[in-house]
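Below is one structure, written out as structure tokens; comments come after it.
Number of protein chains: 2
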Amino acid sequence: MKISTKGRYALRVMIDLAIHDTGEYIALKDISARQNITVKYLEQIVTNLGKAGLLRSMRGNNGGHRLAKRPEEYTVGEILRSVEGSLAPVECLQRDTNDCPRAESCVTLKFWQGLDNVVNRYVDNYTLADLVDESKETFEYDYSI
Amino acid sequence: MKISTKGRYALRVMIDLAIHDTGEYIALKDISARQNITVKYLEQIVTNLGKAGLLRSMRGNNGGHRLAKRPEEYTVGEILRSVEGSLAPVECLQRDTNDCPRAESCVTLKFWQGLDNVVNRYVDNYTLADLVDESKETFEYDYSI
DNA sequence: CTTAATGCTAGTGGTTTAGTAGGAATTGTT
DNA sequence: AACAATTCCTACTAAACCACTAGCATTAAG
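In the order they appear, the protein sequences are chains F and B.
Position 84, counted from 1, in the first sequence is what this note's numbering calls 84; the numbers after and before it change by one each time, with no gaps.
Each position in the second sequence, counted from 1, maps to that position plus 1000 in this note's numbering.
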């Protein structure tokens, strides 16, 4: 039931972009320095975030990334899913990719569906803005993070 | 965020033992035939369940396993944890094994704790008896499973 | 044209998953 | 006492996944 580093890092990247949002594009180099994640690894993460439409990106000199919408418009769920794929606890709940032939007779299906529901309800009711607020509580006067 | 086969199989084993409970010990061979899981793999799973005190086991001829308590006294959470280890979505929440030095400054800690809470609340309020009941609904008159 | 950035594809060492395999120990039956 | 059926224990393994690293192509500004 673990979330991978990509999921955890994606959250940190989004918080970082939200806190340092100036309207300009922010280079991965800067995020890397603040978050202690290599630029190369960040590339993969922001690629996923970008493909999901969560970021606007710009190549070339002075290029970088910025949020595509306001922090309160992102759910943590969509951020996590963009890099982790489905958060479903068992594969048979990923409707699109899988159709378990035993579904009809599966005794535990209801249990797994319920678990999937509570997880998704939680992550989809938590917004990036919530994380940003908590970040500001944590570092009361220090916005350098 | 996936549960491994061991976790899924452990649930099926426990349901199987509950449904076929006669007070006698049930051999892995029988569970294997009903659940389509090899005896060898079942051995590993019941070893974990046994070490957690969830099963009573008997070696030798006519040996096998049976539940250590009534189905309503098991939570699905304790069954899953006995084979999966902690269900925490991030390692830093596994108090015993880990003490993240960044915990104080971790911006996302509160979010992860909340997720851990909803997951554990769900699985710890679901009992083996609930699964058994649902199994009986699924196979109305067919208890051969 | 140079520089600084992202975009894309591939490689890689380590860990975990999902089993398999073999034999020792235990218990009931004959 | 021997045998058969079972669990117990340790080790092994192929495949997948994770957490990166690497190299080069592409793009944009100055």
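Virtual Cβ for every residue (Gly too), placed ideally from N, Cα, C.
Values in this document were obtained by computation on a predicted structure and should not be read as measured data.
Quick one: is residue i buried, meaning 16 or more other Cβ sit within 10 Å of its Cβ, or exposed?
i                       : result
residue 107 of chain F  : buried
residue 1023 of chain B : exposed
residue 76 of chain F   : buried
residue 39 of chain F   : exposed
residue 144 of chain F  : Note that residue 144 of chain F has pLDDT 44, beneath the 50 cutoff, so the model's placement of it is unreliable and the number below is only indicative. When all chains shown are included, residue 144 of chain F counts as exposed.
residue 1088 of chain B : buried
residue 1121 of chain B : exposed
residue 82 of chain F   : buried
residue 5 of chain F    : exposed
Taking Cβ to Cβ, would you say residue i is nearer than 9 angstroms to residue j?
i                       : j                       : result
residue 135 of chain F  : residue 31 of chain F   : no
residue 50 of chain F   : residue 56 of chain F   : yes
residue 1053 of chain B : residue 1027 of chain B : no
Need the endpoints of the beta strand (DSSP E) that residue i sits in, please.
i                     : result
residue 57 of chain F : 55-58
residue 67 of chain F : 64-67
Got a sec? Which residues, its chain only, sit under 6 angstroms from residue i by beta carbon, not counting five neighbours each side?
i                       : result
residue 110 of chain F  : none
residue 1084 of chain B : 1007
residue 37 of chain F   : 9
residue 1100 of chain B : 1092
residue 86 of chain F   : 94
Spatial neighbours of residue i within its chain, please: CB distance less than 7 angstroms, with the 5 preceding and 5 following residues excluded, ordered by chain position.
i                       : result
residue 132 of chain F  : 15, 18, 19 and 71
residue 124 of chain F  : 75 and 77
residue 1142 of chain B : For residue 1142 of chain B, the predicted model reports a pLDDT of 49, less than 50, meaning its position is unreliable and no value from the coordinates is stated.
residue 1112 of chain B : 1089, 1090 and 1093
residue 1068 of chain B : 1053, 1054, 1055 and 1056
Could you give the first and the last residue of the continuous alpha helix (DSSP H) run that contains residue i?
i                       : result
residue 1012 of chain B : 1005-1019
residue 77 of chain F   : 76-84
residue 1050 of chain B : 1039-1051
Give me, in chain order, the residues of the same chain whose beta-carbon lies closer than 8 angstroms to that of residue i; leave out the 5 immediate sequence neighbours on both sides.
i                      : result
residue 115 of chain F : 89
Against chain B: residues of the segment 15-44 of chain F by CB proximity under 7 angstroms: Answer set for the segment 15-44 of chain F: 15.
Select from the segment 106-117 of chain F all residues with a C-beta closer than 7 angstroms to any C-beta belonging to chain B, and list them in chain order. Listed by position, the residues of the segment 106-117 of chain F near chain B (Cβ gap below 7 angstroms) are 107, 108, 110, 111, 114 and 115.
Interfacial residues, the segment 1070-1093 of chain B to chain F, with Cβ spacing under 9 angstroms: Cβ contacts with chain F come from 1076, 1080, 1084, 1086, 1087, 1088, 1089, 1090 and 1091.
Against chain F, which members of the segment 1123-1134 of chain B pass a CB distance test of less than 9 angstroms? Listed by position, the residues of the segment 1123-1134 of chain B near chain F (Cβ gap below 9 angstroms) are 1123, 1126, 1130, 1131, 1132 and 1134.
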